[in-house]
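The structure appears right after this line, and notes come after that.
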Ligand code: SF4
């Protein structure tokens, strides 16, 4: 049985990878995919460097504030701030 992540990787490689020299690695080609209408585009495999580049710097702070407002347990960072 193939896991979800492996299935997405296989689909993206099958879709876009051109092994001719000069076209880059399969991962580089998948990262460069511009088919935003594809349902796999938001979950296509990216390197951690690219994920970091695209990460919303305020997202984790907003998530913590939302969790706190909803009464969920405090985070380690909240405990450290006390
Ligand atoms: S995200 Fe891009 S590479 Fe992956 S399946 Fe969709 S169109 Fe192909």
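Numbering (the working numbering), first residue to last: 26 to 107. Glycine included, every Cβ here is placed at the ideal spot set by N, Cα and C. Predicted model, so just to flag it, every value in this text is computed and none were measured.
DSSP, reduced to helix, strand and coil, places residue 27 outside both helices and strands of the structure shown, so it counts as coil. When the Cα atoms are used, residue 55 and residue 26 turn out to be separated by approximately 23 Å.
In this structure residue 33 does not touch residue 80 by the C-beta definition: roughly 19 Å separates them, more than the 8 Å allowed. In the three-state scheme derived from DSSP, where H, G and I count as helix and E and B as strand, residue 38 is classed as helix.
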